[in-house]
Amino acid sequence: MLAPVLATVAIAGALMMIGRWSNDRRAALRVHAAATRPVAHVLPQGLTLDRTPHYRIRSAADAATTADVAAAVEALHDAYAHTFPISRDGPFELVLYRDRAQFRAHNRSTPWAEAYYREPICHAYAGDPPNRYHWMLHEATHQLLREGSGYRPARWANEGIAGYFGASRIVDGRLRPGTVSPNAYPIWWLAATPLSGNIDRDIELNAFVPLDALLDSDRTDIAPQLNGYYLGWWSLTHFLMHGQGGRYAPAFHELVAHGASRAEFEKRIGPLPKIQLEWYAHMWGAVQAARENRLDRWASGFDAKH
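Count along the sequence shown from 1, then add 212; that gives the number in my numbering.
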């Protein structure tokens, strides 16, 4: 009998210019990495237990922070359930740490982790305002894909979907897929991405990860362009959900359900050279909007109001 799968996703981050980023943006490199061995998890003492319709949250954070994160993951669950089928409706297990220091003291993932999911539990701390919950939303999306939908998509789709939901805005208590929060990873790197509008030039200068590399990537080959990969995964997912008037969205749903391999991508979405050009134009539009501080306006046309 196969041992239970340990699915760990860990996020780390690179130092930004002094004064530019808040504390939870100052980790080393934000990277999701699979656990290499099973480890018994020791949680902090004195955790409270909060229950919501779909979650059990063990928390070391104060009541207000816990309530904010609880509301956010319920908003995520609602938005996800309107996007992908869910066969198991919870309760899903979360652990919310008091702060980054406590998380690091109890981290059983990679040393640079900011948050991670190891089935069946998501581990995260609340980041800085105004977006305190994006780490948990990202990991809880991985959890919904695996435990809620029973999906095992390729890395690019798994990370892309987690980035897509994790970086969406919550407005009036509802998570709006397709909107973009500039205060969530990897979006806060978008304006600094060295895209030029010339795809050939950007590929040559390693400013843009080509589609074939993005689809075939695994944790061992992304370090030189880490943020480029995460932005690529996010933007490709955003494009497939909303680009070209949403024409690829039905095929993307089928693609995720069937594992999202490169072969399945070409079968269900289309030839890579054609899709790469369309996706690049979509990402270039997002980069320009971020540089001009108009991401809200750019994303307003993609807000999936369910």
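Note that the Cβ used here is the ideal one computed from N, Cα and C, for glycine as well.
Neighbour-count burial assignment, residue i, 16 or more Cβ in a 10 Å radius
{"i": "P365", "result": "buried"}
{"i": "D414", "result": "buried"}
{"i": "A313", "result": "exposed"}
{"i": "P398", "result": "buried"}
{"i": "T260", "result": "exposed"}
{"i": "H294", "result": "exposed"}
{"i": "L417", "result": "exposed"}
{"i": "A475", "result": "exposed"}
{"i": "A435", "result": "exposed"}
{"i": "E359", "result": "buried"}
{"i": "R509", "result": "exposed"}
Closest residue to residue i among the options (Cα-Cα distance)
{"i": "G409", "options": "V499, R310, G362, R459", "result": "V499"}
{"i": "R263", "options": "V281, Q257, L255, P256", "result": "V281"}
{"i": "P406", "options": "A293, A502, A275", "result": "A502"}
{"i": "R344", "options": "E490, L426, H494, G378", "result": "G378"}
{"i": "L357", "options": "D301, A283, P256", "result": "D301"}
{"i": "V285", "options": "L387, A403, N319", "result": "L387"}
{"i": "V392", "options": "E416, R316, T449", "result": "T449"}
{"i": "H465", "options": "R480, R474, Q456", "result": "R480"}
{"i": "I382", "options": "A283, S271, T277, F514", "result": "A283"}
{"i": "D428", "options": "G444, P341, P323, G513", "result": "G444"}
{"i": "Q355", "options": "G339, P332, E476", "result": "P332"}
{"i": "L452", "options": "P323, Q488, S361", "result": "Q488"}
{"i": "N439", "options": "Q456, R330, F420", "result": "F420"}
{"i": "P389", "options": "A461, P323, D430", "result": "A461"}
{"i": "F296", "options": "I373, P436, F477", "result": "I373"}
{"i": "D412", "options": "P422, A403, H494", "result": "P422"}
{"i": "P303", "options": "R268, G362, L349", "result": "R268"}
{"i": "A493", "options": "D384, S271, S447, A463", "result": "S447"}
{"i": "D384", "options": "A287, W324, S271, G497", "result": "A287"}
{"i": "L426", "options": "A403, A404, F477", "result": "F477"}
{"i": "G497", "options": "L467, A325, A403", "result": "A403"}
Rounded separation between residue i and residue j - CA only
{"i": "H289", "j": "L306", "result": "13 Å"}
{"i": "A336", "j": "G458", "result": "32 Å"}
{"i": "C334", "j": "A352", "result": "6 Å"}
{"i": "A247", "j": "P265", "result": "With a pLDDT of 35 at A247, under the threshold of 50, the predicted position of this residue should be treated as unreliable, though the coordinate-derived value follows. A247 and P265: Cα-Cα distance of roughly 30 Å."}
{"i": "T322", "j": "K486", "result": "37 Å"}
{"i": "N370", "j": "Q257", "result": "32 Å"}
{"i": "E504", "j": "G375", "result": "22 Å"}
{"i": "Y292", "j": "V254", "result": "30 Å"}
{"i": "M495", "j": "T277", "result": "33 Å"}
{"i": "D340", "j": "R506", "result": "22 Å"}
{"i": "P483", "j": "H350", "result": "29 Å"}
{"i": "A396", "j": "A338", "result": "12 Å"}
{"i": "D424", "j": "Y363", "result": "22 Å"}
{"i": "D430", "j": "L308", "result": "28 Å"}
{"i": "S271", "j": "P342", "result": "20 Å"}
{"i": "H330", "j": "N319", "result": "According to the sequence shown, residue 330 is Arg rather than His. Looking at the two C-alpha atoms, the distance is approximately 11 Å."}
Integer-rounded CB distance, given that residue j should sit under 8 Å from residue i
{"i": "R310", "j": "A273", "result": "5 Å"}
{"i": "A472", "j": "W368", "result": "7 Å"}
{"i": "A327", "j": "W347", "result": "4 Å"}
{"i": "W400", "j": "P394", "result": "6 Å"}
{"i": "E490", "j": "G513", "result": "The Cβ separation is near 16 Å, so there is no contact."}
{"i": "S299", "j": "S361", "result": "7 Å"}
Start-end ranges of the beta strand (DSSP E) lying completely within the region 379 to 460, minimum 3 residues:
381 to 383, 386 to 388
Output the residue ranges of the alpha helix (DSSP H) runs that lie fully inside the region 275 to 356 and measure 4 residues or longer, sorted by chain position. 275 to 293, 312 to 317, 346 to 355
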